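Numbering-wise, the sequence shown is residues -16 to -1, 1 to 194 according to mature numbering (1 follows the signal peptide of the UniProt record, and there is no 0).
Heads up, the beta-carbon is just placed ideally off N, CA and C, and yes, glycines get one too.
Quantities reported herein were computed from a predicted structural model and do not represent experimental measurements.
One structure below.
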Amino acid sequence: FSPRISILISAVFVEAHTIITYPGWRGNNLGANGSIADTNGLGVGDTGGALVYPYGMQWIYPCGGLPISQNRTKWPVTGGAIAVSPGMSAGHSTALIYINLGVGSTPGNYSMQMGYSPFEIAGPSDNGYNGHFCLPQIPLPAGSYTPSVGDEATIQVVEAAKHGAALYSCVDIVFADAADVAEINQTNCFNSTDPDTRVEFGFINSSLDS
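Written out as C-alpha coordinates, the structure is:
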(Lines of atoms letter the chains of each structure in order from A and count residues from 1; the text may use other names and numbers.)
(Lines give C-alpha, C1' and ligand atoms only; values in the text may rest on other atoms or scores of the structure.)
Protein backbone atom coordinates (compact mmCIF):
# COMPACT_ATOMS: atom_id res chain seq x y z
CA PHE A 1 0.00 0.00 0.00
CA SER A 2 1.14 3.57 -0.66
CA PRO A 3 0.92 6.16 2.13
CA ARG A 4 -1.85 7.96 0.30
CA ILE A 5 -4.57 6.17 -1.61
CA SER A 6 -7.57 7.67 -3.35
CA ILE A 7 -10.81 5.80 -2.93
CA LEU A 8 -13.86 6.75 -4.92
CA ILE A 9 -17.05 6.77 -2.91
CA SER A 10 -20.57 6.69 -4.34
CA ALA A 11 -23.81 7.58 -2.66
CA VAL A 12 -25.20 4.48 -1.00
CA PHE A 13 -26.84 5.25 2.34
CA VAL A 14 -28.36 8.66 2.97
CA GLU A 15 -27.84 10.16 6.44
CA ALA A 16 -26.14 6.98 7.61
CA HIS A 17 -23.00 6.73 9.70
CA THR A 18 -20.77 3.63 9.57
CA ILE A 19 -21.94 0.34 8.08
CA ILE A 20 -19.79 -2.79 7.86
CA THR A 21 -20.79 -4.29 4.52
CA TYR A 22 -18.34 -7.21 4.68
CA PRO A 23 -17.96 -9.69 6.36
CA GLY A 24 -21.20 -8.75 8.12
CA TRP A 25 -22.76 -6.35 10.60
CA ARG A 26 -24.08 -6.94 14.10
CA GLY A 27 -27.25 -5.09 13.15
CA ASN A 28 -28.82 -1.80 12.13
CA ASN A 29 -27.89 0.77 14.76
CA LEU A 30 -28.36 3.91 12.69
CA GLY A 31 -31.44 5.10 14.58
CA ALA A 32 -31.91 7.77 17.24
CA ASN A 33 -34.85 8.20 19.57
CA GLY A 34 -35.88 10.29 22.55
CA SER A 35 -34.49 13.69 23.39
CA ILE A 36 -31.42 15.05 25.13
CA ALA A 37 -33.73 16.20 27.92
CA ASP A 38 -34.88 12.58 28.44
CA THR A 39 -31.32 11.53 29.30
CA ASN A 40 -30.15 14.75 30.97
CA GLY A 41 -27.48 15.07 28.31
CA LEU A 42 -26.26 11.46 28.45
CA GLY A 43 -25.82 9.35 25.33
CA VAL A 44 -28.26 6.68 26.54
CA GLY A 45 -31.06 6.67 29.09
CA ASP A 46 -33.94 4.59 30.40
CA THR A 47 -37.45 5.99 30.17
CA GLY A 48 -39.74 3.55 31.92
CA GLY A 49 -37.87 0.45 30.77
CA ALA A 50 -37.23 1.60 27.20
CA LEU A 51 -33.72 2.68 26.23
CA VAL A 52 -33.41 5.97 24.38
CA TYR A 53 -30.46 7.20 22.32
CA PRO A 54 -30.94 10.92 21.58
CA TYR A 55 -27.60 11.22 19.77
CA GLY A 56 -28.00 7.89 17.96
CA MET A 57 -27.06 4.34 18.89
CA GLN A 58 -23.71 4.36 17.08
CA TRP A 59 -22.20 6.72 19.64
CA ILE A 60 -22.40 4.00 22.32
CA TYR A 61 -19.25 1.94 23.12
CA PRO A 62 -18.36 -0.78 22.27
CA CYS A 63 -20.72 -1.82 19.46
CA GLY A 64 -23.24 0.95 18.96
CA GLY A 65 -25.76 -0.19 21.55
CA LEU A 66 -26.28 -3.68 20.12
CA PRO A 67 -25.72 -6.99 21.99
CA ILE A 68 -23.70 -9.99 20.81
CA SER A 69 -25.15 -11.64 17.70
CA GLN A 70 -26.20 -15.28 17.81
CA ASN A 71 -25.26 -15.69 14.14
CA ARG A 72 -21.50 -15.41 13.69
CA THR A 73 -19.81 -14.87 10.35
CA LYS A 74 -16.89 -17.05 9.25
CA TRP A 75 -13.67 -15.06 8.83
CA PRO A 76 -10.24 -16.43 7.82
CA VAL A 77 -7.98 -17.52 10.67
CA THR A 78 -5.12 -15.74 8.88
CA GLY A 79 -6.98 -12.44 8.51
CA GLY A 80 -9.34 -11.30 5.79
CA ALA A 81 -11.33 -8.52 4.17
CA ILE A 82 -13.17 -5.63 5.75
CA ALA A 83 -15.57 -3.50 3.70
CA VAL A 84 -17.15 -0.35 5.09
CA SER A 85 -19.65 2.25 4.04
CA PRO A 86 -18.39 5.19 6.14
CA GLY A 87 -21.58 7.19 5.55
CA MET A 88 -20.25 10.38 7.11
CA SER A 89 -22.89 12.91 8.08
CA ALA A 90 -22.31 16.67 8.04
CA GLY A 91 -19.20 17.70 9.94
CA HIS A 92 -17.29 14.51 9.13
CA SER A 93 -15.06 15.73 6.32
CA THR A 94 -12.11 14.15 8.13
CA ALA A 95 -12.02 11.16 10.44
CA LEU A 96 -9.85 8.34 11.73
CA ILE A 97 -10.87 4.73 11.18
CA TYR A 98 -9.82 2.14 13.76
CA ILE A 99 -10.32 -1.60 13.20
CA ASN A 100 -10.01 -3.49 16.49
CA LEU A 101 -10.42 -7.07 17.66
CA GLY A 102 -12.16 -8.32 20.78
CA VAL A 103 -11.40 -11.95 21.64
CA GLY A 104 -13.87 -14.50 22.95
CA SER A 105 -17.62 -15.06 22.84
CA THR A 106 -18.22 -11.90 24.88
CA PRO A 107 -15.09 -9.74 24.63
CA GLY A 108 -14.03 -7.86 27.72
CA ASN A 109 -12.28 -5.22 25.63
CA TYR A 110 -11.40 -4.30 22.06
CA SER A 111 -7.82 -3.21 22.64
CA MET A 112 -6.12 -5.23 19.88
CA GLN A 113 -5.57 -3.05 16.82
CA MET A 114 -5.76 -4.85 13.50
CA GLY A 115 -3.17 -4.23 10.79
CA TYR A 116 -3.26 -0.84 8.97
CA SER A 117 -5.27 0.68 11.84
CA PRO A 118 -5.72 3.55 12.30
CA PHE A 119 -5.98 5.30 8.96
CA GLU A 120 -7.26 8.73 8.08
CA ILE A 121 -10.19 9.55 5.81
CA ALA A 122 -10.44 12.92 4.09
CA GLY A 123 -13.74 13.55 2.37
CA PRO A 124 -14.63 15.93 -0.46
CA SER A 125 -16.53 18.40 1.74
CA ASP A 126 -17.98 18.91 5.19
CA ASN A 127 -21.43 17.92 3.97
CA GLY A 128 -22.86 14.46 4.47
CA TYR A 129 -21.91 11.85 1.90
CA ASN A 130 -21.87 8.07 1.72
CA GLY A 131 -20.04 5.31 -0.10
CA HIS A 132 -18.05 2.13 0.14
CA PHE A 133 -14.45 0.97 0.43
CA CYS A 134 -12.79 -2.38 1.02
CA LEU A 135 -9.43 -3.51 2.37
CA PRO A 136 -9.05 -7.06 1.00
CA GLN A 137 -6.58 -8.37 3.57
CA ILE A 138 -6.48 -6.98 7.11
CA PRO A 139 -3.69 -8.62 9.13
CA LEU A 140 -4.40 -9.86 12.63
CA PRO A 141 -2.90 -7.92 15.57
CA ALA A 142 0.86 -8.35 15.25
CA GLY A 143 2.43 -10.66 17.83
CA SER A 144 -0.42 -10.45 20.31
CA TYR A 145 -2.93 -13.07 19.22
CA THR A 146 -2.90 -16.28 17.20
CA PRO A 147 -6.42 -17.67 16.76
CA SER A 148 -7.40 -21.25 16.05
CA VAL A 149 -10.19 -22.46 13.81
CA GLY A 150 -13.42 -22.29 15.80
CA ASP A 151 -12.35 -19.44 18.09
CA GLU A 152 -14.91 -16.66 18.45
CA ALA A 153 -14.19 -12.94 18.34
CA THR A 154 -15.68 -9.58 17.42
CA ILE A 155 -14.32 -7.05 14.92
CA GLN A 156 -15.00 -3.45 15.95
CA VAL A 157 -14.88 -0.58 13.46
CA VAL A 158 -14.60 2.87 15.01
CA GLU A 159 -14.97 6.11 13.09
CA ALA A 160 -13.51 8.98 15.14
CA ALA A 161 -14.81 12.25 13.77
CA LYS A 162 -12.90 15.53 13.76
CA HIS A 163 -15.03 16.88 16.62
CA GLY A 164 -13.83 14.08 18.89
CA ALA A 165 -16.88 11.83 18.99
CA ALA A 166 -16.74 8.21 17.82
CA LEU A 167 -19.13 5.92 15.95
CA TYR A 168 -19.06 2.21 16.81
CA SER A 169 -20.05 -0.78 14.66
CA CYS A 170 -19.21 -4.46 15.08
CA VAL A 171 -19.38 -7.84 13.42
CA ASP A 172 -19.25 -11.06 15.45
CA ILE A 173 -17.08 -13.71 13.80
CA VAL A 174 -15.86 -17.26 14.16
CA PHE A 175 -12.41 -18.00 12.80
CA ALA A 176 -12.39 -20.56 9.99
CA ASP A 177 -10.04 -22.09 7.47
CA ALA A 178 -9.79 -19.79 4.45
CA ALA A 179 -11.18 -22.55 2.22
CA ASP A 180 -14.41 -22.50 4.25
CA VAL A 181 -14.94 -18.75 3.91
CA ALA A 182 -16.87 -17.28 0.99
CA GLU A 183 -14.42 -15.89 -1.55
CA ILE A 184 -14.19 -12.12 -1.80
CA ASN A 185 -14.91 -10.65 -5.21
CA GLN A 186 -16.05 -7.45 -6.90
CA THR A 187 -19.55 -7.79 -5.49
CA ASN A 188 -18.58 -7.88 -1.81
CA CYS A 189 -15.17 -6.15 -1.74
CA PHE A 190 -14.89 -3.09 -3.94
CA ASN A 191 -14.25 0.64 -3.95
CA SER A 192 -17.10 2.77 -5.21
CA THR A 193 -16.39 4.87 -8.28
CA ASP A 194 -18.47 8.05 -8.18
CA PRO A 195 -16.02 10.82 -9.20
CA ASP A 196 -18.01 13.49 -7.35
CA THR A 197 -17.33 12.03 -3.90
CA ARG A 198 -13.65 11.14 -3.86
CA VAL A 199 -12.15 10.17 -0.49
CA GLU A 200 -8.46 9.96 0.25
CA PHE A 201 -7.11 7.92 3.09
CA GLY A 202 -3.62 7.24 4.34
CA PHE A 203 -2.02 5.01 6.94
CA ILE A 204 -0.89 6.68 10.15
CA ASN A 205 1.76 4.07 10.94
CA SER A 206 4.78 4.96 8.79
CA SER A 207 5.95 1.34 8.79
CA LEU A 208 2.98 0.51 6.57
CA ASP A 209 3.66 3.18 3.98
CA SER A 210 5.68 0.97 1.67
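Taking buried to mean at least 16 other C-beta atoms within 10 Å of its own C-beta, is residue i buried or exposed?
i           : result
residue 116 : buried
residue 61  : buried
residue 120 : exposed
residue 89  : exposed
residue 170 : exposed
residue 54  : exposed
residue 147 : exposed
residue 24  : exposed
residue 86  : buried
residue 128 : exposed
residue 111 : exposed
Could you confirm whether any beta carbon from chain C is found closer than 9 Å to the beta carbon of residue i?
i          : result
residue 37 : The chain inventory of the structure shown lacks chain C, comprising one protein chain alone.
Below 9 Å between beta carbons: does that hold for residue i and residue j?
i           : j          : result
residue 16  : residue 39 : yes
residue 11  : residue 18 : no
residue 142 : residue 58 : no
residue 64  : residue 13 : no
residue 122 : residue 94 : no
residue 27  : residue 3  : no
residue 125 : residue 97 : yes
residue 102 : residue 46 : no
residue 167 : residue 56 : no
Taking residue i and residue j to be in contact with their CB atoms under 8 Å, please state how far apart those CB atoms are, rounded to whole angstroms.
i           : j           : result
residue 5   : residue 67  : 5 Å
residue 156 : residue 52  : 6 Å
residue 133 : residue 159 : 6 Å
residue 118 : residue 140 : With a Cβ gap of about 17 Å, residue 118 and residue 140 do not count as contacting.
residue 105 : residue 130 : Their Cβ separation, rounded to whole angstroms, is 30 Å, which puts residue 105 and residue 130 out of contact at 8 Å.
Which residues does DSSP pair with residue i in a beta bridge?
i           : result
residue 58  : 158
residue 49  : Paired residue(s): none; residue 49 is not in a bridge.
residue 85  : 96 and 139
residue 118 : 67
residue 174 : Residue 174 pairs with nothing; no bridge assigned.
residue 124 : Its beta-bridge partners do not exist; DSSP assigns none.
residue 167 : None; residue 167 has no bridge partner.
residue 34  : 31
residue 6   : 67
residue 145 : 79
residue 152 : 142
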